[in-house]
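Here the structure is laid out as structure tokens; the discussion comes afterwards.
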Amino acid sequence: MFLGLIILLSISRINSFNLDTKSPIVKQIDKNVYFGYSLAQHVQKSAKTPYILVGAPLDSTTFNGIIFNNSGAIYKCPFSFNKDDCQQIPVDFMSKNSDETTDGNVYLDDDLSEQFKGRLFENQWLGVSLSSTIEGSFSACAHKYVHYYNFTSRDAHAAYGACYRFNNDFTQEYKHVPCLQYSHLVKIFYSNNYAFCQAGTSMSILEDNSLLSSNQIDTYLTFGMPGALNSRGLISVKTIGKNSQSDYVYKNKTLCKFDIENDRPMTDGYCPSLWEKYSYTGMSHVMIRKYLNNPRVNLVASGAPREGLYGLVRFFTINFDSSFGPVTKILNFTLKGFQKGSYFGFSIAGCDLNGDKLDDLIIGAPYQSRKNEPNSGAIYIYFNHKSRGFTEGYSLNFTGQSRSLFGHAITCLGDLDKDGFNDFAVGAPYEDDKNSSGTVYIYRGANNPDNIKLSQKIQSSHFEEELHNFGYSLNGGVDMDGNTYPDLAIGALKSNKIVLLRTRPVVRIKAYVKDVNQEIDQFIKECTQDDVQLTCFNFKMCFQVVNGSTQKMKMPLLNFTLEGDVLNTGYSRVFFTGSNSNILNKKIEIDQTEKCESINVNIKKDNSDYVRPIKFVLKYKFVEIESSSVSLESINEMPMVHEDLSELNFEANFKKDCGDDKKCITDLKLSARFVDLLIGDDNVALLSFKERDSVTVSVILENVGPNAEPAYATQIEINFDQRLDFIKKIEIEPSGFSCDITLKKLICKLTNDVQGLPFGVNKIARFNLTFSSTRLYKYPNISNQPNIIFNLEAKTLSHDLNVENNRVDLLAVLKVRANLYLYGTRTPEQVFYSDKSIIRGESSIENLDQIGPIIEHTYIINNGGPFSVHNFYLIIDWPYESRLIDFHTENKIQLMTGKHLLYLTEKPTKIPNNHPINVVCSSYQVDNLKISDFKNIQKRSTALDMDDNSVIKSPLKEHASSRTAIIDCFSNTAYCYKINCSFSGEFNKDETISLKLTARLWNSTLVEDYPNYEKVLIKSHGKLYLSEDIHDDRPSDNENSVATIAYSRITIKLEKKLPIWIYLISVLIGLVLLIISTIGFYMLGFFERKKFGDDKYLEENDKVKNTPY
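Here's what the structure looks like:
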């Protein structure tokens, strides 16, 4: 039955992992002193008492009766639920156990007044940084500390910064002023190199005895000094122990002396100018132990957030030699930021994220922005490699929300869930969260960068306390409550509060399924409910605590939820016995032995899906205890199920006749067509309005193919026009299946789903579906939705190789069938044009009668049925001017400007006038010369700019035999405009409507241009245009022409004038012919004259007489 078990190895449940937010430890002070600016977790070793060390840089303190205003303070907060039990740690600012009394023999003046002594330490910001070795010493820094000293009777002071080192029991041990040594040895001239050193802006403290032969512990301190050397910055390293030594990252057996005024190193010192001014190296730093697997070499990674505007992180190696102390070396390798102003390197942390025993780097860029998300912030993760250390390319990065400053604080948490990988936290102190602000993000480490993901999102709104700037400071990695899990301290700066979140124990619980059958046989029904036989199956859900993860912990009840058939949305095929639901909730006691719960699952009687497996999801967690009963010790009684093993997926399969692989593979082919509708050339069917009361669709489905297998739960879904009504199904083959309307679609199930019978191999289904179209005709405006669409799709639960041939779309267009006929008549039947009347130009015409005779063109429209139409158009091409051709003497042909022809004198008129059809015409001109108003008219120029003798005017089209000229719009013999007339309203069957156009025939145009023709035909042309919802069987009847026949009555034919060159050539040719004929006659002797009595004459005369006949 169960073919596979799938355990979810990574579940992103970001709101709850094992940092407990229900019972936080909150500490506060009732003054605005930046309480929580820095944090450190510390354990007093003698009593094994945990404390939270808190910096308050703006607070005041008192020592030996002297009040130090705004000097800053350090608080130790006990591990308790009491919010107000934090106490200041006494600090002796004037202690002689200090660099000020041992380096250079410089002492504070004992004669200084007590009042002045108090002012010496104002605004020094004690608590700007904190670091603890947990069960050893700890240090706190004041980066604005000002040192006063006297040279040559001149008072001087410098903001060196100072760090105060304390023993484990909170007693002060030493005061470090790391910048002091340089200033004294280079004297006052060079003191500006370190006058604004600000040592202690960042600080770390580390204890180690691995490099010493004895058991003595060496303490290593590193101080960030971002203000040194024109704010280039420095890192100072100090060793305290068997060989107490100091070194600076720039030092090479000589002191670093720098000429501030000229911004260059001094010649008598070694101080390479390797980076820019104002780069702030030392703003943050972290020490990486055992660099490149060398136990004597540590690596310092220091952030310079303003270097090159992008920011960077540079590296220094520190070789801790027992003879010479720390020897530093700067590496040429750096990690550069990715955006200007991002402050890349503002925060930094070292953490072994992938379990290779090497600390990796997490670098913050809190002011990095994304598009439309300023200051969203980002962090970048760089992995440490045993052989090559760090490389330039980052392995992973995460970003925050707009203006959240994500990455402002970063801390390594240690292994929160004991999976072998350290986890880390990132603060976003300005992320908006309801009435509070700030969020802390928890990320789990993993051996693969792709598996390092967000595990828990802790928002300030999760707590009853009002917290602002929650996540401004972070410190983790220390077990404060003794349950072997590290805890996390979080600062909320604006609220002057800090929060300690304890880590709940994690239990690994294995969940699995037992006692299962091979497959579910839907034909075997062994269970009964309400006297109905049901198919059912059983299994056992088992749990077991993984050995070694509980440490003899008392296990609370395990609450598990089992959900069946989770992939079906809105409907499940199964229900659990006893719950009548597909969701089962139960509690079970567990321990390191196997604990099982029997589960019975029933298949619903109306189930039709026997193909897809039934998928189950099991989720389980411990029963939570009430927060009111939580104590400091009860955290061990609040274990959590490890999130990697808190969910289980598995499935149950049905028995199917689908081969050994149990995968039913098929290839369904669906085809469909309209049975009784006319199909056009575009493969679109035509449905004539009201002529049919039904539409029938023929459907064929095939399951064929050489490798076809049964198609389970086969059905055809038909989406059809909701203006139609399904009437019936006519089965051809097979028989017995049903078609039902479900959610406005027709579903035809071709298989017996209740019995689980499939659509067999090589099987063909043929059937017709009939829909009523009577309701369709009740919609008043069909043109808005003329298309009738059918979408058919075949579906099966088997695996279909090609779903493209499972879909068919059919389209039918609904149209009203009506045959419209267009006729034309003219009045009068014939007209005449004559030269008897005065030939007038435009300017001389004073009334319409002087233009010419009245003519009328009437277009008659008849609806031959069978249905009425509502909207159509008549467009008439009207010849308003004649159009002649000029034959130029140089054989150039051009069109001549036209002359008036059919001059409209009235608007188009509907006949009969009371017809309900509304007719609106446009794009025409009526009496555009305003002759009827007796207005003066400018004379139109119709002649071309050339000699009249060079032009022969002729109509373009003439009938040679009858001397008939034809003027129309389609043979370029007339200029025409289109008269657009729209007809709206119900135009019923057998109705007739006419449109009359009245005009004057312009007599002078025909007399001047057509004098030699017997008659002239002047044609207008009309055409009907029907809307898209109308189908006309005979569209050729939708257009016609009307011709006015004008006969010529010109008494004096106007001869055409020939050019003079024709006459000249004719005379010349005549003269040439005369000369040639004269010469010919002369040569023949035509011009020789014979006299009577001449001998020659007599001889010829006798010959004539003697000629026989």
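As numbered in mature numbering (1 follows the signal peptide of the UniProt record, and there is no 0), residues -16 to -1, 1 to 1093 make up the sequence shown, in order.
For glycine and all other residues, C-beta sits at the position ideal for the given N, C-alpha and C.
Tell me the DSSP secondary structure of residue 158 in three-state form.
Here residue 158 sits in strand by DSSP.
Do residue 498 and residue 524 have their CB atoms nearer than 8 Å?
Between residue 498 and residue 524, the C-beta spacing is below 8 Å.
For residue 920, count the other beta carbons within 10 Å of its own beta carbon; 16 or more makes it buried, fewer makes it exposed. Which is it?
Only weak support exists for where residue 920 lies, its pLDDT of 41 falling under 50; the coordinates are left without a value.
Which residues DSSP lists as bridging residue 784, in chain order
Residue 784 is bridged by DSSP to 650.
Any idea if residue 471 is buried or exposed, counting beta-carbon neighbours within 10 angstroms, 16 or more meaning buried?
Classification of residue 471: buried, given that the 10 Å Cβ count is 16 or more.
Contact with chain C by residue 572, beta-carbon distance below 8 Å:
Included in the structure is just one protein chain, with no chain C present.
Residue 572 to residue 493, Cα distance in whole Å?
Rounded to whole angstroms, residue 572 to residue 493 spans 13 Å at the Cα level.
If you follow the alpha helix (DSSP H) that residue 992 is in, where does it begin and where does it stop?
In this chain, the alpha helix (DSSP H) harbouring residue 992 covers 987 to 993.
Go ahead and label residue 841 buried or exposed: buried means 16 or more other beta carbons lie within 10 angstroms of its beta carbon, across all protein chains shown.
Buried is the call here.
Contained beta strand (DSSP E) runs [length at least 3] in the segment 379 to 440, N- to C-terminal order:
Counting only runs of 3 or more, we get 380 to 383, 393 to 398, 407 to 417 and 420 to 427.
What residue from 281, 289 and 213 has the CA that sits closest to residue 261's CA?
For the options 281, 289 and 213, the alpha carbon positioned closest to that of residue 261 is the one of 213.
Comparing C-alpha positions only, which one of 333, 895, 802 and 516 sits nearest to residue 273?
Nearest option by C-alpha distance: 333.
Just to confirm, is the Cβ distance from residue 297 to residue 319 under 8 Å?
For residue 297 and residue 319, yes; Cβs fall inside 8 Å.
Could you give the residue range of the alpha helix (DSSP H) that holds residue 212?
First-last of the alpha helix (DSSP H) with residue 212: 212 to 215.
Which of helix, strand or coil does DSSP assign to residue 486?
Secondary structure of residue 486 (DSSP, three-state): coil.
Per DSSP, what are the beta-bridge partners of residue 896 in this structure?
Here residue 896 is not bridged, per DSSP, to any residue.
Take residue 834 and list the residues in its own chain whose beta-carbon comes closer than 7 Å to its own, dropping the five residues that flank it on each side.
Excluding sequence neighbours, residue 834 sits near 824.
Throw me the rounded Cβ distance for the residue 649 and residue 785 pair, which I believe falls under 8 Å.
Sure, about 6 Å apart at Cβ, within 8 Å.
How is residue 461 classed by DSSP in three states: helix, strand or coil?
It is a strand residue.
Nearest-angstrom Cα distance between residue 731 and residue 622?
In this structure, the alpha-carbon of residue 731 lies about 54 Å from that of residue 622.
Helix, strand or coil: how does DSSP classify residue 805 here?
Strand.
Quick one: measure Cβ to Cβ for residue 867 and residue 957, integer angstroms, because I've assumed they're closer than 8 Å.
The beta carbons of residue 867 and residue 957 sit about 5 Å from each other, so the pair counts as a contact at 8 Å.
Taking the straight line between their C-alpha atoms, what separation do you get for residue 38 and residue 287?
For residue 38 and residue 287, the gap between their C-alpha atoms comes out near 23 Å.
Can the beta-carbon of residue 808 be found less than 8 Å from the beta-carbon of residue 1024?
Yes, these two residues count as a Cβ contact at 8 Å.
Judging by CA-CA distance, which residue of 269, 325 and 321 is the nearest neighbour of residue 301?
The residue with the shortest Cα to Cα distance from residue 301 is 269.
Can you tell me where the alpha helix (DSSP H) with residue 1062 in it begins and where it stops?
Segment 1044 to 1067, the alpha helix (DSSP H) holding residue 1062.
Pick out whichever of 549, 818, 1054 and 960 has its Cα sitting closest to the Cα of residue 995.
The candidate whose alpha carbon is nearest that of residue 995 is 818.
Separation of residue 805 from residue 851, as counted between CA atoms
The straight-line gap from Cα to Cα measures roughly 14 Å.
What residue does the beta strand (DSSP E) around residue 39 start on, and which one ends it?
DSSP places residue 39 inside the beta strand (DSSP E), whose first and last residues are 33 to 40.
Report the partner residues of residue 150 according to the DSSP bridge assignment.
According to DSSP, residue 150 bridges with 122 and 156.
Proximity below 8 Å, CB of residue 386 to CB of residue 413
No; because the gap between Cβ atoms is not below 8 Å, this pair is not in contact.
Based on the DSSP output, what are the partners of residue 624 in its beta bridges?
Answer by DSSP bridge pairing, in chain order: 490.
Could you have a look at residue 605 and say whether DSSP puts it in helix, strand or coil?
Residue 605 falls in the strand class under three-state DSSP.
Proximity of residue 482 and residue 11 at Cβ, strictly below 8 Å:
One thing to note: residue 482 has its Cβ within 8 Å of the Cβ of residue 11.
Just curious, the beta strand (DSSP E) that residue 269 is in, first and last residue?
Counting along the chain, the beta strand (DSSP E) containing residue 269 begins and ends at 268 to 272.
Looking at the structure shown, is residue 715 part of a helix, part of a strand, or coil, going by DSSP?
Strand at residue 715.
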